[in-house]
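339 is the number that my numbering gives to position 167 of the sequence shown; each next residue is one higher, with no gaps. Glycine included, each C-beta is placed from N, C-alpha and C at the ideal position. Worksheet: one structure, shown below.
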Amino acid sequence: MPEELSFTVKDIPACTRYGFSLRKIWIFFKTLVLSWVIWDFFVYLGFFAAGCDLASKWSQSRLLPLPGSLFWMDPVPVILLAAGVVLIIYVLMRGSLMVSKMTFQQLRGDEFFSTSDAADFAKEHSAPLISIPLLLVVTLLLIYGAGALTGLISRIPAAGPIAASLLSIPLWGVMLLGVLTLSALILSLKLLPAITACTGGDSFESVFEVFSTLTSQSWRLCLYWLLSILVIVLGGAAFLLLSSVAVSFLSLSVSAGAGDGGLVAALSSGPQLLAPEALPFFAGLLGQQGDVQAWSGLAGILAGISGTAMLLIIVSYFLSSYSSAWTLIYVILKYRKDGEDLIDRAEREEQREFDRMYEDCEKDSEAGKTDLSG
């Protein structure tokens, strides 16, 4: 049965419940791993383009390099970094689209919507995730270009400054539009996956929903977002506490058999082992392990990777809850804005599609009978 929503702020805390799903956490776990690989590829490629010694950089940074001063002295590495960041944003938005679709199906009462179904939906409806941010970026560039063109006009002797002065008020209005466009761009990175998951709409409908939600429901949008952050932090803290208890229990049980806590120490030091530059003071996955000697060699490396995977699972839960929260926020705001229940809309559209297919089957059956009688 469809979820009973009040379409008020009371529905927001459910995001932690919807986010606590193995399927959704698995989606974001894979998304984070892919994003990590993309970051490594583009950053190390940038260092290579800048003429940096990759061997020394690897010994310093390992699997999570950070752009250094040498990186920023050449435009080519900066361009590569920008391309990598854009690709990572798209990967994260696509993962959010899959999780948002699964959350929306749960709101409709469909608990069996699988990860493969979500992947198929994302494959068919990913266009707005690319076209709308690109459209907004181009719009911002055009607005910026209008100001730059006015600056060029002002350089014309005598008449230039006068013309620029006359254009100042219209340009001020254009810059206000630019501020709105920039706000819509930032919002679209969070809200677009939820809009696409709930409506399956095209790019025009999605960009309209972004602007209309921003302009007509701005205070509710901010309130719901802040509340979702608070709830997710509390839910994440609870999940982190349970994870800490689980690691402590693991430490006790393994120590009983092995006689030491080397495995758990290796697990906890994994993120610092794999990313010493980014996490130089990382105290462990869930706290210090004291003076216990961590396992070394291949066993220590594998345990460190496992500990890093645990960290990524915890982060994936945060992201899963965050995507679920934006799905709830959009469903509520759509109802408050237009009085439209998206769950009921999806049911009606599905029923119309079923009726259409049923009518087509009946027509084909009647046509077949006519051919046989003829």
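| Asked | Found |
| --- | --- |
| C-alpha gap between Asp-225 and Phe-213, whole angstroms | 15 Å |
| Where Arg-327 sits in the DSSP three-state scheme | coil |
| Distance CB(Phe-179)-CB(Arg-508) smaller than 8 Å | yes |
| DSSP-derived helix/strand/coil call for Gly-256 | helix |
| For Trp-498, the three-state DSSP class (helix, strand or coil) | helix |
| Opening and closing residue of the alpha helix (DSSP H) in which Lys-182 lies | Unbroken run through Lys-182: none, as it is neither H nor E. |
| Three-way DSSP call (helix, strand, coil) for Phe-490 in this model | helix |
| Three-state secondary structure (DSSP) of Ala-450 | coil |
| Ser-326 vs Ala-318 beta-carbon contact at 8 Å | no |
| Inter-stretch contact at 8 Å, needing at least 3 Cβ pairs: the segment 284-293 / the segment 350-365 | no |
| Assumed close pair Thr-385, Ser-378 - CB separation to whole angstroms, cut-off 8 Å | The pair is not a contact, with the Cβ atoms about 11 Å apart (cut-off 8 Å). |
| Among Thr-311, Gly-442 and Tyr-396, the one whose alpha carbon lies nearest that of Leu-357 | Thr-311 |
| Outcome for Thr-371 when other beta-carbon atoms lying within 10 angstroms are tallied against a minimum of 16 | buried |
| Selection from Lys-182, Glu-176, Thr-188 and Ala-294 that minimises the alpha carbon distance to Ile-401 | Thr-188 |
| Cβ pair Leu-500, Ala-475 closer than 8 Å | no |
| Span separating the alpha-carbon of Gly-429 from that of Leu-446 | 27 Å |
| Touch test, the segment 292-308 against the segment 230-249, Cβ-Cβ under 8 Å, three pairs minimum | no |
| Reduced DSSP category for Gln-389 - H, G, I as helix; E, B as strand; rest coil | coil |
| Endpoints, the alpha helix (DSSP H) within which Cys-187 is located | 187-191 |
| Cβ-based burial, Phe-380 [other Cβ within 10 Å; buried from 16] | exposed |
| Spatial neighbours of Ile-260 in its chain, beta-carbon cut-off 8 Å, leaving aside the 5 residues before and after | Ser-207, Ile-210 and Trp-211 |
| C-alpha distance - Lys-202 paired with Arg-280, whole-angstrom precision | 26 Å |
| Contact with chain C by Pro-247, beta-carbon distance below 8 Å | Chain labels in this structure do not include chain C; a single protein chain is all it has. |
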